[in-house]
Amino acid sequence: MLAAAGRPRPAYRRLYEQLNRLGADELHRRHTLAMEMFRNHGITFAVYPDAQGTEKVFPFDVIPRVIEARTWKRLEEGLKQRLRALNLFLDDVYGRKLILRQRAIPPEIVLSSSLYLREVEGLDVAHGIHAHIAGIDLVRDEKGDFFILEDNLRTPSGASYLQANRYVMKRVLPDLFAGYPVRPVEGYVHELLRHLRWLAPRGIDDPTVVLLTPGINNSAYYEHLYLAKQMGVELVEGTDLVVDDDHVFMRTTRGLRPVHVIYRRIDDEWLDPIFGRQESLVGVAGLVNAYRAGNVGIANALGNGVADDKAVYAL
């Protein structure tokens with residue numbers, strides 16, 4: 100917010116004045132109110148190493164970060180370009196492997212990675228897209244330049260916390276929004292559902308979409324529950340699904356119902372005990388074969404981990 104001389108940066112001047120008018124005590128009171136709202140709405144996450152295994156309220160800073168429109172436009176264009184490049188990389192290493200044959204990247208680095216899945220080599224993924232949802236972590240230096248810390252292309256989390264943050268901010272500090280043309284974030288869920296429906300197998304005009312969760316003990320379960328509810332799709336666990344003749348079905352009180360698209364929040368190795376970890380109790384036996392047969396769309400695609408493998412970053 101402040102430059103080296105202790106003065107507010109241009110983008111923060113109006114915000115700085117508003118916060119000063121509120122004063123430290125009032126700002127603290129509103130931060131406390133925000134944390135109570137998060138807790139009352141169950142907006143929490145679990146930290147597995149935590150000795151007590153307690154749920155924690157998602158970290159929240161009552162002072163928002165301001166990104167100017169021209170800066171965001173450049174950043175948005177760069178992130179889109181990066182995601183296109185990552186998808187092209189994944190499409191190539193699981194397909195023609197030109198980047199490896201030409202040794203632009205040493206083949207041994209990719210093919211020896213534990214995150215590279217030979218089981219999905221040659222698979223024709225829907226619309227040629229492997230990473231549908233990406234969580235790209237950014238950092239900003241003292242000059243204001245953005246750098247990518249890491250890519251998360253497997254089962255990234257965080258979208259629901261963005262929505263919750265905005266919901267709470269509008270209620271505890273509504274005046275801050277009056278002075279800025281803040282971009283809305285509410286359309287994310289509708290765009291996500293539209294994209295998931297787009298992944299349905301050919302010939303399916305009204306697909307059944309489900310969100311597959313490891314269960315209530317997962318650290319991001321709040322997000323799974325939130326996204327499923329907002330999209331109007333079923334939140335399912337592995338035991339709710341069954342594969343028959345390479346087709347996926349959901350168990351219901353009226354019998355088996357076909358499933359056409361799965362937004363999975365389970366890592367590759369736990370997704371199918373036939374394909375990955377045999378001891379998996381959260382996956383669906385036979386799911387990978389149904390996926391390979393083209394009878395179900397899955398987001399994100401399997402095998403994406405090789406693109407966010409730190410060994411590949413330097414190249």
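Using the working numbering, you'd call the opening residue of the sequence shown number 100 and step up by one each time.
Even glycine gets a Cβ: it sits at the ideal position worked out from N, Cα and C.
Buried/exposed call for Phe-246, threshold 16 Cβ in 10 Å:
Phe-246 sits exposed, since fewer than 16 C-beta atoms from the chains shown fall within 10 Å of its C-beta.
Local Cβ density within 10 Å of Leu-216, reported as buried at 16 or more and exposed below that
A buried status is given to Leu-216, since no fewer than 16 other beta-carbon atoms sit within 10 Å of its beta-carbon.
DSSP-derived helix/strand/coil call for Gly-337:
Three-state DSSP puts Gly-337 in a helix.
Cβ pair Leu-310, Val-332 closer than 8 Å
It is a contact, given that the beta carbons lie within the stated cut-off.
Given this structure, state the Cα-to-Cα distance separating Glu-290 from Ala-104, to the nearest angstrom.
Distance between the alpha carbons of Glu-290 and Ala-104 is about 43 Å.
If you measure between the beta carbons of His-359 and Ala-400, is that distance less than 8 Å?
No; because the gap between Cβ atoms is not below 8 Å, this pair is not in contact.
Which whole-angstrom value is the C-beta distance of Val-366 and Arg-253, which I expect to be below 8 Å?
Checking the sequence, you will find Asp at residue 366 rather than Val. That belief holds up - the Cβ atoms of Asp-366 and Arg-253 are roughly 6 Å apart, short of 8 Å.
Starting from Phe-157, trace the beta strand (DSSP E) in both directions and tell me its first and last residue.
Note, Phe-157: premise wrong, no beta strand (DSSP E); not H, not E.
Helix, strand or coil for Gly-302 per DSSP?
Of the three classes helix, strand and coil, the one that applies to Gly-302 here is coil, per DSSP.
Counting beta carbon pairs with one atom in the region 263-273 and one in the region 117-133, are three or more of them shorter than 8 Å?
Verdict: yes, contact present.
With which residues is Pro-357 paired in a DSSP beta bridge?
According to DSSP, Pro-357 bridges with Phe-348.
Comparing alpha-carbon positions, which option in Val-411, Ile-162, Asn-317, Gly-375 lies nearest Asn-388?
It is Gly-375 whose Cα lies nearest to the Cα of Asn-388.
Just curious, the beta strand (DSSP E) that Asn-251 is in, first and last residue?
Per DSSP, Asn-251 belongs to the beta strand (DSSP E) from 245-251.
Would you list the one or two residues that DSSP bridges to Tyr-320?
Tyr-320 is not bridged by DSSP to any residue.
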